[in-house]
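In our numbering, the protein residues as written are 60 to 244.
Structure, as structure tokens:
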Ligand SMILES: C[S@@+](CC[C@H](N)C(=O)[O-])C[C@H]1O[C@@H](n2cnc3c(N)ncnc32)[C@H](O)[C@@H]1O
């Protein structure tokens, strides 16, 4: 879904340990990567090409940036936020009018209940929330973004190697990936 990123400005929101940010920086993009978890950012900063990235520790709900980006990414973060409107307002505010946004989210109904926490790097824990396609469509419209592509995230046999206990999900749709453009109005 990403076109050639060389020379493009990219905002990676909820960059985690930087798995996308470093690849994009290596491919010649000018990357700004944000996450509210400083221990995630510390891990990302150890990686090759991290020196080319501007990291900011902040929440998606209040991003201290004014410039707009060619591409805004937000992968696997929004399932940790109950109300989509605040984050989507920020995403829409920060993408250029001729740019695009890529969002992925897990269908939390497949593995989770509301109390399950994200604890990978200790200090922070957030609940998870389920968003339906309608929740997304309403929030996209409200924040002046239009869906240009939609793909299902399917749990593959390859993924079982990493997430063994979810073997029973092979072939199931576990999430969504959306590509969005700004509406011109
Ligand atoms: C599942 S990880 C995904 C990391 C990365 N995007 C990836 O796909 O590898 C979710 C990340 O979102 C961050 N996060 C969760 N809620 C956030 C918030 N309100 N503001 C900023 N970052 C947040 C977490 O700290 C975590 O690093």
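Yeah, the Cβ is synthetic: ideal placement off N, Cα and C, and Gly gets one too.
Residue i burial status per 10 Å Cβ neighbour count (16 or more: buried)
i           : result
residue 77  : buried
residue 149 : buried
residue 75  : buried
residue 242 : exposed
residue 227 : exposed
residue 224 : exposed
residue 151 : buried
residue 164 : buried
Proximity winner among the options, relative to residue i (alpha-carbon distances)
i           : options          : result
residue 232 : 218, 238, 92     : 218
residue 203 : 225, 155, 213    : 155
residue 60  : 95, 200, 72, 132 : 132
residue 105 : 81, 94, 67, 95   : 81
Distance, residue j Cα to residue i Cα
i           : j           : result
residue 193 : residue 143 : 11 Å
residue 183 : residue 234 : Model confidence at residue 183 stands at a pLDDT of 48, short of 50, so the residue's coordinates are unreliable; what they give is reported in the following sentence. Distance between the alpha carbons of residue 183 and residue 234: 23 Å.
residue 176 : residue 122 : Confidence is the limiting factor: at residue 176 the pLDDT is only 39, short of 50, which leaves the residue's position unreliable and the question unanswerable from this model.
residue 191 : residue 100 : 29 Å
residue 230 : residue 189 : 20 Å
residue 64  : residue 90  : 10 Å
residue 211 : residue 236 : 6 Å
Pair within 7 Å by beta-carbon distance, residue i and residue j
i           : j           : result
residue 153 : residue 127 : yes
residue 139 : residue 187 : yes
residue 93  : residue 69  : no
Residue-level contact to chain D via CB, residue i, 7 Å cutoff
i           : result
residue 208 : No chain D is part of this structure, which consists of one protein chain only.
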